[in-house]
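These notes concern the structure reproduced below.
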Amino acid sequence: RRRFRNLEKEAMLKRLPRGYSEGHPAERWLRFRSFTAGRRLSVREVVGQRLPQTLERDFAALVPLVRWLNLALGYDPLQRRY
35 RRRFRNLEKE
45 AMLKRLPRGY
55 SEGHPAERWL
65 RFRSFTAGRR
75 LSVREVVGQR
85 LPQTLERDFA
95 ALVPLVRWLN
105 LALGYDPLQR
115 RY
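Here the sequence shown is numbered in the working numbering, starting from 35 and rising by one per residue.
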């Protein structure tokens with residue numbers, strides 16, 4: 035979370051999807067139209083020799099979000115890769 039700050043809130047639903055009532059335990063998450071996380075890289079990071087390691091670390095930090103989304107969609111968790 036520190037690395038990527040918060041999820042983008044640009045396209046959130048004003049109302050909950052049909053079938054969900056106000057006060058639902060997952061209300062906050064049900065309003066998101068998408069789950070987008072990112073961060074800016076400096077020019078030095080982009081052209082530097084450590085870019086592959088930086089990207090690997092960033093992608094690894096996103097694994098919990100991807101796992102959570104997969105579970106929410108009903109997919110079985112994959113074996114741990116990291």
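Every residue, glycine too, gets a C-beta built ideally from N, C-alpha and C. None of the values given here were measured: they were computed from a predicted structure.
*My understanding is that Phe66 touches Met46, with C-beta atoms under 8 Å, so please give their C-beta distance in whole angstroms.*
By 1-based counting over the sequence shown, the position of residue 66 is 32. By 1-based counting over the sequence shown, the position of residue 46 is 12. Right, their Cβ atoms sit about 6 Å apart.
*Between the Cα of Glu44 and those of Ser76, Asp92 and Ala71, spot the shortest distance and give me the residue it belongs to.*
Numbered from 1 along the sequence shown, position 10 holds the residue referred to as residue 44. The shortest C-alpha separation from Glu44 is found at Ala71.
*asked:* Quick check: the Cα distance between Val77 and Glu56, rounded to an integer number of angstroms?
replied: If you number the sequence shown from 1, residue 77 lands on position 43. If you number the sequence shown from 1, residue 56 lands on position 22. Val77 and Glu56: Cα-Cα distance of roughly 45 Å.
_For a test of the three-state rule: what should DSSP assign to Phe93, helix, strand or coil?_
To locate residue 93, count along the sequence shown from 1; it is residue 59. Phe93 falls in the helix class under three-state DSSP.
*Keeping to the same chain, check which residues put their C-beta closer than 7 Å to that of Glu79; ignore five residues upstream and five downstream.*
Indexing the sequence shown from 1 puts residue 79 at position 45. Taken in chain order, the residues that qualify are Leu85 and Thr88.
*For Arg73, which of Gly53, Asp92, Asn104 and Leu64 has the nearest alpha-carbon?*
Counting from 1 along the sequence shown, the entry for residue 73 is found at position 39. Comparing Cα positions, the closest option is Asp92.
*Kindly indicate which residue of Ala60, Gln83 and Gly53 has the alpha-carbon position closest to the one of Leu103.*
Within the sequence shown, residue 103 is the residue found at index 69, counting from 1. Of the candidates Ala60, Gln83 and Gly53, the one whose C-alpha sits nearest the C-alpha of Leu103 is Ala60.
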